[in-house]
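Visitor: Reminder that position 100 of the sequence shown reads as 149 in this note's numbering, one-by-one numbering, no gaps. Yeah, the Cβ is synthetic: ideal placement off N, Cα and C, and Gly gets one too. The model shown is predicted, which means the values in this text are computed figures rather than measured ones.
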Amino acid sequence: MGSHSIVVHIQIIDHLDREPTQSYECSALYHDQPLSLSYLEKDQTTKVNLILNETEWILHRDAQWQTHIIFQLNGSGTFRVISDQGEMRGQVKILKHHIDAHQLSITYKLIMEDSVITYQTLTYTMKGAQA
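1) With the cut-off set at 8 Å, would you say Thr43 and Ala77 are in Cβ contact?
2) Hey, how far is the Cα of Lys158 from the Cα of Leu65?
3) On a CA-only basis, which of Leu108, His53, Ser72 and His147 is nearest Ile224? Give me that one, please.
4) Please work out which residues of its chain come closer than 6 Å, Cβ to Cβ, to Thr172, disregarding the five sequence neighbours upstream and downstream, and give them in chain order.
5) Who are the near neighbours of Trp106 in its chain, counting only those whose CB is closer than 6 Å to its CB and skipping five residues on each side?
6) Using 8 Å as the threshold, is the C-beta distance between Gln140 and Ser164 below it?
7) With DSSP as the reference, label Lys158 as helix, strand or coil.
Written out as structure tokens, the structure reads:
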């Protein structure tokens, strides 16, 4: 129980982009209760917290823009982006998700005013304890 550091490989496939794949490894803090990962993105300034429970996953990114995505595992959800330009809100459509002891992934679309603004697959692969 508690929390410990692990190495995580993160892959982001952007299905709308011509060069669709980003991937990197980072150190993350893995928490048992609630089940979650906390880490810095590869820019070393964007803080991310991913909380996992039986009915939803919640992704919160804290950077110049704050992003809050609620992935309802029944197929829907909501998102909110707050920046100095104001706030955007929309719906999340989950196409598929998977979780096991070593990997979790989710394929989703962010939809705003009937337009798809993001279509991604986000995959986290746990590589083990931080050395």
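Guide: Taking the coordinates as given:
1) Beyond the ends of the chain as shown, which are 50 and 180, falls residue 43; an answer cannot be given.
2) In the sequence shown, residue 158 corresponds to position 109, counting from 1. In the sequence shown, residue 65 corresponds to position 16, counting from 1. Computed Cα separation, rounded: 10 Å.
3) The structure shown has nothing for residue 224, since the chain only spans 50 to 180.
4) In the sequence shown, residue 172 corresponds to position 123, counting from 1. Taken in chain order, the residues that qualify are Gln60 and Ser154.
5) Start at 1 with the first residue of the sequence shown, and residue 106 comes out as number 57. Excluding residues within five positions, the ones whose Cβ falls inside 6 Å are Phe120.
6) What you label residue 140 is simply residue 91 of the sequence shown in a count that begins at 1. What you label residue 164 is simply residue 115 of the sequence shown in a count that begins at 1. Contact: no.
7) For the purposes of this step, residue 158 is taken as residue 109 along the sequence shown, with counting starting at 1. Note: Lys158 maps to strand in three-state DSSP.
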